[in-house]
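The numbering used here applies: residue 100 is where the sequence shown begins, and numbers increase by one. Presented below is the structure to which this report refers.
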Amino acid sequence: MNVLVTGGAGYIGAHTCVALLEAGHTVIVADNLCNSKVESINKVQQITNKDLTFYEIDTTDEKAVDTIFSNHEIDGVIHFAGLKAVGESVENPLAYYYNNLVGTMVLIKACQKYGVNRFVFSSSATVYGDNRVPFVETMDLLPTTNPYGETKAMSERILTDIANANPVFSVSILRYFNPVGAHESGLIGEAPNGIPNNLMPYVTQVAKGKLEKLRVFGNDYPTVDGTGVRDYIHVLDLAEGHVAALENLTEGVHVYNLGTGKGTSVLELVKAFEGANDIEVPYEIANRRPGDIASCYADASKAKRELGWTAKHDLISMCRDAWQFEKNYKE
Ligand code: NAD
Ligand code: UD1
Numbered sequence: 100m101n102v103l104v105t106g107g108a109g110y111i112g113a114h115t116c117v118a119l120l121e122a123g124h125t126v127i128v129a130d131n132l133c134n135s136k137v138e139s140i141n142k143v144q145q146i147t148n149k150d151l152t153f154y155e156i157d158t159t160d161e162k163a164v165d166t167i168f169s170n171h172e173i174d175g176v177i178h179f180a181g182l183k184a185v186g187e188s189v190e191n192p193l194a195y196y197y198n199n200l201v202g203t204m205v206l207i208k209a210c211q212k213y214g215v216n217r218f219v220f221s222s223s224a225t226v227y228g229d230n231r232v233p234f235v236e237t238m239d240l241l242p243t244t245n246p247y248g249e250t251k252a253m254s255e256r257i258l259t260d261i262a263n264a265n266p267v268f269s270v271s272i273l274r275y276f277n278p279v280g281a282h283e284s285g286l287i288g289e290a291p292n293g294i295p296n297n298l299m300p301y302v303t304q305v306a307k308g309k310l311e312k313l314r315v316f317g318n319d320y321p322t323v324d325g326t327g328v329r330d331y332i333h334v335l336d337l338a339e340g341h342v343a344a345l346e347n348l349t350e351g352v353h354v355y356n357l358g359t360g361k362g363t364s365v366l367e368l369v370k371a372f373e374g375a376n377d378i379e380v381p382y383e384i385a386n387r388r389p390g391d392i393a394s395c396y397a398d399a400s401k402a403k404r405e406l407g408w409t410a411k412h413d414l415i416s417m418c419r420d421a422w423q424f425e426k427n428y429k430e
């Protein structure tokens, strides 16, 4: 298939480009590089020894998007492009609503104009809000605590309404749990701008000595050791999940959790990281982070049943690959 990957220079997008190329698909990337570098495109080509086509464009730019659709016979779209920093979305909600919603609608419009009927969307477990774990796709969604989360819930709604109105438009909504790790080559991985918000990149930067110590946000949650529990999933598994979703897409709207189904606490992750890499991660207990929930993990059985997909990498390989990338990474 000829696959348009928006946000393909980013963390999850680049790993998915590798998986798509390795599965024999042709890849066209559209990315404005607002949170990535063009080098990741070169690295994808280096890893796979295959070429892809790259457009530096903004997905909110209708003309630029139209040009891509007129230049290529696109069979399907995987839409990663979006802003994703939760705190920033609270400070600048308009940027988030505009970028994430307009970008999605411009792409859908182009799909309709050019008769492209396969669309895979990056959603997030954040749409479940503070539901009972494990999160199941059939649950009623609860409000998220921030504009970023709302853009995901709204995009899901927009895509669902459009697919309901146009039954040949096939949509796969993928709700990611907590993507971590990197390609085992150490060439592509997660390189957040500034001080990381998320746990794994924070841990790797503490291990590297870039940051002094980890602050563990709360140890009084009703969890195994009081610290927050999440479902960490290796980005390579997530990438494979996209290929499976695209290749198995049938008419209608399909929602899938992409997680391992296993919860890990902050302290369990720190211990696993220390053990996997034989390195110390100093930490202190701090206050809870506003907006955090105690536990979040997937019921991942639907993706297994319908897509034949399951996460294969364990926590140790997530920790090892995340560290391998951090060690190699130069700003
Ligand atoms: P990322 O920031 O590394 O990648 C997003 C890419 O999109 C970047 O390369 C950025 O330059 C590009 N982009 C953003 N706005 C754009 C626009 N208007 N036009 C063109 N390109 C644009 O993030 P990621 O972690 O790879 O996340 C990919 C997607 O998955 C996002 O939609 C994100 O919200 C979603 N998601 C991520 C996580 C996570 O923890 N990483 C969890 C759930 C969902
Ligand atoms: C974050 C996002 C969420 C997004 C998800 C997946 C926030 C508030 N939420 O959630 O919208 O869908 O990533 O990308 O950013 N932790 C620490 N110290 C740190 C960092 C994190 O103790 O320095 C803890 C957190 O309290 C949490 C766990 O580690 O218990 C994981 O945190 P994080 O990686 O930020 O992911 P989420 O909280 O799941």
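Built from N, CA and C at the ideal position, the CB exists for glycine as well. Keep in mind the model is a prediction, meaning the values are calculated, not measured.
Please report the Cβ distance between V143 and H124, rounded to the nearest whole angstrom; I am assuming they are in contact, meaning their Cβ atoms lie under 8 angstroms.
With a Cβ gap of about 13 angstroms, V143 and H124 do not count as contacting.
For C395, name the three-state secondary structure that DSSP assigns.
Strand, per DSSP.
In this structure, how does DSSP classify H124 when only helix, strand and coil are distinguished?
Correct three-state label for H124: coil.
For R274, which three-state DSSP category applies?
Here R274 sits in strand by DSSP.
Taking N141 as the reference, give the member of A122, G181 and G109 with the closest Cα.
For the residues A122, G181 and G109, the minimum Cα distance to N141 belongs to G109.
Do you know how far the Cα of I146 is from the Cα of S284?
So the two alpha carbons sit approximately 8 angstroms from each other.
Excluding the five sequence neighbours on either side, which residues of its own chain have a C-beta within less than 6 angstroms of the C-beta of E161, listed in chain order?
Closer than 6 angstroms at the Cβ level, and outside the excluded window around E161, lie V205.
List the endpoints of the continuous alpha helix (DSSP H) containing Y428.
Where Y428 is concerned, there is no enclosing alpha helix (DSSP H), given that its DSSP letter is neither H nor E.
Does at least one heavy atom of the ligand NAD sit under 7 angstroms from the Cβ of T159?
Yes, since a heavy atom of the ligand NAD falls inside the 7 angstroms radius drawn around the Cβ of T159.
If you run the structure through DSSP and keep just helix, strand and coil, what is F168?
It is helical.
Report buried or exposed for I294, applying the criterion of at least 16 other Cβ atoms within 10 angstroms of its Cβ.
I294 is exposed by the Cβ-count criterion.
Which value, in whole angstroms, describes the spacing of the CA atoms of V137 and D260?
Rounded to whole angstroms, V137 to D260 spans 35 angstroms at the Cα level.
Identify the residues that DSSP records as bridge partners of N101: which are they?
Partner(s): T125.
List the residues that DSSP assigns as beta-bridge partners of I384.
DSSP output for I384 lists V315 as bridge partner(s).
Using only the heavy atoms of the ligand UD1, determine whether one of them is closer than 7 angstroms to the beta carbon of V352.
No.
Comparing alpha-carbon positions, which option in G340, L298, G202 and V352 lies nearest P266?
Taking only the C-alpha atoms, the option nearest P266 is V352.
Should I173 go down as buried or exposed, given a rule of 16 or more other Cβ atoms within 10 Å for buried?
That one is buried.
Can you tell me whether A421 is buried or exposed, with buried defined as 16 or more other CB within 10 angstroms of its CB?
So A421 counts as buried.
When the Cα of E339 is compared with those of P278, G214, L240 and C210, which residue comes out closest?
Of P278, G214, L240 and C210, the residue nearest in Cα terms is P278.
Hey, V354 and E190 are a contact pair by Cβ (cut 8 angstroms); roughly how many whole angstroms apart?
In fact, because the Cβ distance is near 30 angstroms, the residues do not count as touching under 8 angstroms.
Tell me where the alpha helix (DSSP H) around G351 begins and ends.
Premise fails: G351 lies in the beta strand (DSSP E), G351 to L357, not in any alpha helix (DSSP H).
Is C133 near the ligand UD1, in the sense that its beta carbon is under 7 angstroms from a heavy atom of that ligand?
C133 Cβ: outside cutoff for every heavy atom of the ligand UD1.
In terms of residue numbering, what span does the beta strand (DSSP E) encompassing F153 cover?
First-last of the beta strand (DSSP E) with F153: T152 to Y154.
Are G79 and F168 close, meaning C-beta to C-beta below 8 angstroms?
Residue 79 lies beyond the range of the chain shown here (100 to 430); nothing can be said about it.
Tell me which residues share the same chain as N386 and place their Cβ nearer than 8 angstroms to its Cβ, disregarding the 5 neighbours each side in the sequence.
Within the same chain, N386 has close Cβ partners F316 and G317.
Provide the residue span of the beta strand (DSSP E) that contains R217, from first to last.
R217 to S223 is the span of the beta strand (DSSP E), which, as asked, contains R217.
Ends of the alpha helix (DSSP H) at I177?
From DSSP, I177 is part of no alpha helix (DSSP H) but of the beta strand (DSSP E) over G175 to H178.
I'd like to know whether the C-beta atoms of N134 and N245 end up nearer to each other than 8 angstroms.
Not closer than 8 angstroms, so no.
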